[in-house]
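Going by the working numbering, the residue at position 6 of the sequence shown is -2; the numbering climbs one at a time, nothing skipped. In what follows, a structure is listed as structure tokens, so that the remarks can point back to it.
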Amino acid sequence: MYKEELAAVPFGLGEPNPYNKFFTGTSYLNILHTDGVLVANVTFEPGCRNFWHVHEATKDGGQILIVTYGRGYYQEFGKDPQELLPGDFVFIAPGVKHWHGAASDSVFSHLALEVPGEGTSTTWCESVSDREYAEVNSFHKSTPVQQTAGRDQLGAIAPEFARLNDDILFGEVWSRGSYLDIKKRCILTIVALTSQGLTDSSLLYHVKNAKNQGVGKNELVESLTHIAMYVGWSKIWAVMRYVKEVYAPKEQ
Ligand code: MN
């Protein structure tokens, strides 16, 4: 139960946060230092996040976050969120609208340092809605995909094509942190190849890759059944044979 985790967070839990009216959910504040620079430990229960806000300053100022426990998110207005893990460091420039808080399934703590400046204050804005927050929680950090098939198979005859295949298509497109997880990327790629009728060895590779990345047989079969009437029945027959070969080889 996460209540036990709360009691054990580094730098101490402190008291219920007096600013909780600007938070969704419950947070805790442990002020560690006030002389010259304000340093506090902020702990968020799972699902807790603060409202959109701005650290104002006429000179210098801003806020530093040092993540010490759990998993959470930081997001600047209009930008992709950043997943935060222990050891991550964030500088929030003055004037930048943002929020920070826990992931939906994790207790989360960060040290918050108020960078000294002139004319400093905090402007609190609207809450992070449940819909916005749910979408952020489906954001996945980059999972680098290593690929050498281009160089292995075509490096001698087409080195630039091989580089684009390995370093750009797989190294960047497949590896990008985003709202799509790797399993969805696998299914979409199989759907794209199947719909073109590209039921060759590259499709077999992608069915094997899907299994390796944790795509379930039922999820894949249902995806292909769903698209069958759109893309053409015979293409689905071809890909289903690969699915059987990869997922149920004993039934051949
Ligand atoms: Mn802040």
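Glycine included, each C-beta is placed from N, C-alpha and C at the ideal position.
Sub-8 Å separation of residue i and residue j beta-carbons
i	j	result
residue 170	residue 132	yes
residue 198	residue 182	yes
residue 216	residue 231	yes
residue 101	residue 33	yes
residue 185	residue 193	no
residue 111	residue 16	no
residue 61	residue 78	yes
Assigned exposure category for residue i - 16 Cβ within 10 Å defines buried
i	result
residue 95	buried
residue 138	exposed
residue 210	exposed
residue 160	exposed
residue 35	buried
residue 91	buried
Where residue i falls: helix, strand or coil (DSSP)
i	result
residue 214	helix
residue 15	strand
residue 241	helix
residue 233	helix
residue 227	helix
residue 103	strand
residue -1	helix
residue 248	Any answer about residue 248 is impossible in this case: the structure gives the chain only from -7 up to 244.
residue 220	helix
Presumed contact (8 Å Cβ cut-off) between residue i and residue j, rounded CB distance
i	j	result
residue 140	residue 45	Rounded, the Cβ-Cβ distance is 46 Å, inconsistent with contact.
residue 103	residue 149	Residue 103 to residue 149, Cβ: 55 Å. No contact.
- prompt: In chain order, which alpha helix (DSSP H) runs of at least 4 residues are fully inside the region 113 to 194?
  reply: Annotation note: the region 113 to 194 contains the following uninterrupted alpha helix (DSSP H) runs of length 4 or greater, listed N- to C-terminal: 122 to 128, 141 to 146, 151 to 155 and 174 to 187.
Segments assigned beta strand (DSSP E), at least 3 residues, entirely inside the region 10 to 63: The DSSP assignment places 19 to 25, 30 to 36, 45 to 48 and 55 to 62 as complete runs of the beta strand (DSSP E) inside the region 10 to 63, in order along the chain (cut-off: 3 residues).
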